[in-house]
Ligand code: IPT
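Residue numbers (the numbering used here): 4 to 979.
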């Protein structure tokens, strides 16, 4: 009977493992066509809160959240990969912006299929075990085209982010569509994991119109069935839009249930590669000065909530490439100091922006940013954990393991022996657990300080020795129930604990002491490493003294105490199984644990051969790793350890694209006088709602007014008479936007908007000299404008309505008839509204994998020459990534960013199997390598690459070397 039950469970597990692999395979090949996995069902849970913390299903919960944007990863299979990595990195929540423009190519049209399937995203988040903070805008900012507004909104008369009726009618459309999806994933329904809902984003204008607008959004969310608490994200700790009952002077009450704010106090790396002075961490909570802008009093009845706290920073066109610098500057030390300061300030809801930045593919990037939105985040654009993920993980495990942290008040002041440091003190009023946050004073200091500080708890008074060396901070715990043992204090930090095991950590080489209290002398056995112990029968204190190094294992009665140095602590993973928590040491990543009877099935990744040691539920006797049984033996530490190391990945062979056959065709036929533009729209509008009106007497030329929203737009101006000596174009092009012009087929030149200034222009004037000797008669002026996206509207001033394409033309004395042609945002239903602009090759399908290019000539790549205008290079390549491996691949054009070679005046749109995966601009930079996610790429078959090269003409301005790059390989992954 029992055996039967066990057999059934084993079969279920093995079947589940098999299905998981199969699902992964089909999803990868088709970028989103896999059937959605069933949605988990839970009992409905309430979402409440008080001034201390969120209370979910009656349980206080410390929300440790990471931001990721599904729209920046066009591969639903990989959503699971990133979300599992976030969960493994100690996060228990994920915050998603939803980008209105990503789903809406035209008014009234909304698309939630394929890579836009937000229902599937929310299902995966729930399956992975992450709470969701839903942030649907309508305005999101986010360095996204138009700040998340659909491009068609640029033509509205009413002011955006106000109570203008046409604008509210538009936001109603969006909320109706997205709320229907969010509402059915709410924790409160038992059908999902959404716990919070954000209306608007940094609405810093606070007039009546904005108040009405916010109220409208709030009411609409309720009408759409949103029942979880609603908040707004204040642009800084300013007390704007706090819940109405806050009653604090200097705050702005609004229609919100919770008050939240954002902050990026860590400092950035500059675009020239320099780094500013380190900054100190602000006290935006109970340690602060108080009032609307600080202290806990801006919203006295709601928990401290950082809706965005810097997890990195974005990078700009023309930069030297700051992501590696940002990742280091806002690395583990930064996280400990800044996130730790937040913890000491009782910010019990923290969301790190970004935790995975991803890729602003297609025409997603706002004018300020280029394709990569890596952000220097804990998980890099190639989906790999950076070193800084380690501190995020240990802090995340800590805040979730040590429950008394969810309810603390400021404790009595603590005076350390040195003025070079300070110690913030908080106390849980119910359990009397004390927390001591030790940090430099000021917290920006990076000196090496050894000091002591006194503590006084119900257990007595002690003096604790501690060291802070470099950018570092520590949170120590005293008077705490540690898995049934009583912790008096420890100068090691608690990473996590589970029945029978506790993991503490400290910096390598620093000394530590841990005091536990027992009624009688406990049995103490040092199993490995070195530690000494002494027992004081008068107090019952057992004191362990040691130096953090490697892994010290001590057995005290029924508890295995693991004390690790930082590097060793990083090799531990905590995962939840049906039978309770599991602690694993060794692999690069542990994703999931399923327990059934004596079987514990683990999944995860290795990047090299790795140890496997497991502290699991008591009944777990057999361990599988990615479906394969791992022979293991029990240890004196009460763990199971594998006899042999887990294997790492096999090498991934990559085709050499310099040996590939490249098909080639020039385009820009629009530049030629004989090109037939009869079917093109005549630019005949005389009014526009853009903020950039045409000069008096000229027709409206701005592209959005004619429904051409993204990428390139072409104009052909017909006029008669003599050719002008020169012609000037006022144009809008976004970041590093470009204009090229021809008169009667003769190339006049190109102009690129300047970059890498404090605030780079998104609009400019290009003047082209017309060569002398052009005959009188009928003329055609052909102009192509590249629109590197619409401005964001952070200032609530309709900045997204700045015109794109031509705004005005000067220098032509006779009447001109303008024809206009651009991309159709509704044309590519699979890849969505932001995939394409209006290049000839895009309008005629040259970017698609199925296009027949056999009639084209061949050219070598790298090439030596390029005509002015645009030409296309196409090739195919086969990938043979070994099964069971996750290779994160990219495409590199040209050298690396540090190369000093002259940069050609040319740019490339990169289409991979039809997906526009980014824009390389040789003479602007800095990006050379473009991440290509599996799903867009088929790792086990043929792939088509199409490059649209837009050049100023001639040698140097031609396509450089193009190569595939393997950015990382893991054995494991989510099944591709
Ligand atoms: C904050 C925005 O809320 C967010 O959308 C994003 O743009 C982020 O900045 C920067 O990446 S705005 C804050 C920096 C004032």
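Note that the Cβ used here is the ideal one computed from N, Cα and C, for glycine as well.
This structure is a prediction, so every number in the text was calculated from the model and none was measured.
What did DSSP end up calling residue 290 once you bin it into helix, strand or coil?
Of the three classes helix, strand and coil, the one that applies to residue 290 here is coil, per DSSP.
In or out: residue 49 buried (at least 16 other Cβ within 10 Å) or exposed?
With fewer than 16 other Cβ atoms within 10 Å, it is exposed.
Decide yes or no for the touch test of the segment 412 to 431 against the segment 455 to 463: beta carbon pairs closer than 8 Å, at least 3 of them.
Yes, they touch.
Quick check: residue 320 and residue 376, are their CB atoms within less than 8 Å of each other?
Against a cut-off of 8 Å, the Cβ pair of residue 376 and residue 320 comes out as no contact.
Less than 7 Å between the CB of residue 143 and some heavy atom of the ligand IPT, yes or no?
Yes, the Cβ of residue 143 comes within 7 Å of a heavy atom of the ligand IPT.
From this set, 559, 553, 552 and 51, which residue's C-alpha is nearest residue 545's C-alpha?
Comparing Cα-Cα distances from residue 545 to each of 559, 553, 552 and 51, the minimum goes to 559.
Suppose contacts are defined by Cβ-Cβ distances below 8 Å. Is residue 405 in contact with residue 497 by that definition?
Going by C-beta atoms, residue 405 is nearer than 8 Å to residue 497.
Which class does residue 690 belong to by DSSP, given the choice of helix, strand or coil?
In this structure, residue 690 counts as coil in the three-state DSSP scheme.
Apart from the five residues on each side of it in sequence, which residues of its chain come closer than 8 Å, Cβ to Cβ, to residue 444?
Cβ neighbours of residue 444 beyond the five flanking positions: 422, 423, 424 and 425.
What residue range does the beta strand (DSSP E) around residue 496 cover?
First-last of the beta strand (DSSP E) with residue 496: 496 to 501.
In chain order, what residues of the same chain lie with their CB nearer than 7 Å to the CB of residue 485, ignoring the 5 residues before and after it?
500 and 505.
Is residue 705 closer than 8 Å to residue 737 when the C-beta atoms are compared?
Not closer than 8 Å, so no.
So within the segment 707 to 748, which uninterrupted alpha helix (DSSP H) runs reach at least 4 residues, ignoring any that extend past its ends?
Listed in chain order, nothing qualifies, since the segment 707 to 748 has no complete alpha helix (DSSP H) run of 4 or more residues.
May I ask you to report which of helix, strand or coil DSSP gives residue 26?
In this prediction, residue 26 scores a pLDDT of 29, lower than 50, which makes its location untrustworthy; the coordinate-derived value is nonetheless stated afterwards. Looking at residue 26 - three-state DSSP - the assignment turns out to be helix.
Can you grab the Cα-Cα spacing for the pair residue 107 / residue 114, in whole Å?
Rounded to whole angstroms, residue 107 to residue 114 spans 6 Å at the Cα level.
Assuming residue 409 and residue 56 are in contact, meaning their beta carbons sit under 8 Å apart, how far apart are those beta carbons, in whole angstroms?
About 4 Å separates the two Cβ atoms, so the contact holds.
Can you tell me which of the three DSSP states residue 35 falls into?
Note that residue 35 has pLDDT 38, beneath the 50 cutoff, so the model's placement of it is unreliable and no number is given.
Provide the residue span of the beta strand (DSSP E) that contains residue 469, from first to last.
Taken as a continuous stretch (DSSP letters only), the beta strand (DSSP E) holding residue 469 covers 463 to 472.
Could you tell me the alpha carbon to alpha carbon distance between residue 527 and residue 520, rounded to whole angstroms?
Rounded to the nearest angstrom, the two C-alpha atoms are 13 Å apart.
The alpha helix (DSSP H) with residue 127 in it runs from where to where?
Unbroken alpha helix (DSSP H) run through residue 127: 121 to 131.
Under the three-state reduction of DSSP, which class applies to residue 400: helix, strand or coil?
Correct three-state label for residue 400: helix.
Mind reading off the beta-carbon distance from residue 698 to residue 811? Whole number of angstroms is fine, and I expect it under 8 Å.
That pair is a contact at about 4 Å.
Of all the options 944, 850, 957 and 884, which has the alpha carbon lying nearest to the alpha carbon of residue 1013?
The question about residue 1013 has no answer, for the chain in this structure spans 4 to 979.
Is residue 771 near the ligand IPT, judged by its Cβ being under 7 Å from some heavy atom?
False, no ligand heavy atom lies under 7 Å from that Cβ.
Run through DSSP, which three-state label would residue 453 get?
It is a strand residue.
What ranges does the beta strand (DSSP E) occupy inside the segment 585 to 619, keeping only unbroken runs of at least 3 residues that lie completely in it?
The segment 585 to 619 contains these whole beta strand (DSSP E) runs: 592 to 599, 602 to 608 and 616 to 618.
In chain order, what residues of the same chain lie with their CB nearer than 6 Å to the CB of residue 820, ignoring the 5 residues before and after it?
So the qualifying residues of the chain are 721.
Of all the beta strand (DSSP E) runs that stay within the bounds of the segment 232 to 317, which reach a length of 3 or more residues?
Whole beta strand (DSSP E) segments, 3+ residues: 233 to 237, 243 to 246, 255 to 257, 261 to 266 and 307 to 313.
Please find out if some non-hydrogen atom of the ligand IPT comes closer than 7 Å to the beta-carbon of residue 981.
Residue 981 cannot be examined here, being either before or after the span of the chain that is shown, 4 to 979.
Could you check if residue 384 belongs to the surroundings of the ligand IPT, using beta carbon to heavy atom distance under 7 Å?
No, the Cβ of residue 384 stays beyond 7 Å of every heavy atom of the ligand IPT.
Is the beta carbon of residue 944 sitting closer than 8 Å to the one on residue 892?
No.
My understanding is that residue 975 touches residue 889, with C-beta atoms under 8 Å, so please give their C-beta distance in whole angstroms.
Right, the Cβ-Cβ distance comes to about 7 Å (below 8 Å), so this counts as a contact.
Taking the DSSP output, what are the residues bridged to residue 460?
For residue 460, which the question treats as bridged, DSSP gives the partners 463.
Would DSSP call residue 800 helix, strand or coil?
Coil, per DSSP.
Just the C-alpha distance for residue 834 and residue 243, rounded to the nearest angstrom, thanks.
Residue 834 and residue 243: Cα-Cα distance of roughly 38 Å.
What's the call for residue 38, buried or exposed, on a 16-neighbour Cβ count within 10 Å?
Confidence is the limiting factor: at residue 38 the pLDDT is only 47, short of 50, which leaves the residue's position unreliable, though a coordinate-based value still follows. Result: exposed.
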